[in-house]
Structures are given as C-alpha cells and as structure tokens.
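Asker: Mind looking over this structure? Questions follow.
Numbering (UniProt numbering), first residue to last: 1 to 47.
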C-alpha cells in the first residue's frame, strides 16, 4: 500500500491515471495492484 503524494502536481497525475470513485487526497492510500511492477522503485531504509 502506498500513500498518495503530497505534491499537488504529482497528486493530480495520480488522479488522472488511477481509476477510482472520487479523487485522491494527500491522506489517501492506494493499493499496489494499481501500479505495474516496473513503476515501483524499492529502496531500503538505512538502519
């Protein structure tokens, strides 16, 4: 699960490409099945 972006321009892009009822808000969560595996960049957090 991903948090929607807080940046207004990027949030607008997500709203254009992710099909759903209503619009995403900065506090919204999006399930990973809305993304192709090539679209997700995984990084490890430093310990």
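Quick reminder that beta carbons are idealized off the backbone N, C-alpha and C, glycines included.
1. Can you list, in chain order, the residues of its chain whose CB lies under 7 Å from that of residue 31, leaving out five sequence neighbours each side?
2. If you scan the UniProt domain "THAP-type" (1 to 41) from start to end, which runs of the beta strand (DSSP E) of 3 or more residues do you find wholly inside it?
3. If we ignore side chains and look at the alpha-carbon of each, how far apart do residue 15 and residue 24 end up?
4. For a quick check, are the C-beta atoms of residue 28 and residue 4 less than 8 Å apart?
5. Report yes if the CB atom of residue 6 is closer than 8 Å to the CB atom of residue 26, and no otherwise.
Answerer: Considering the structure as presented:
1. 1
2. Considered as a whole, the UniProt domain "THAP-type" (1 to 41) harbours no complete run of any beta strand (DSSP E) with no fewer than 3 residues.
3. 6 Å
4. yes
5. Going by C-beta atoms, residue 6 is nearer than 8 Å to residue 26.
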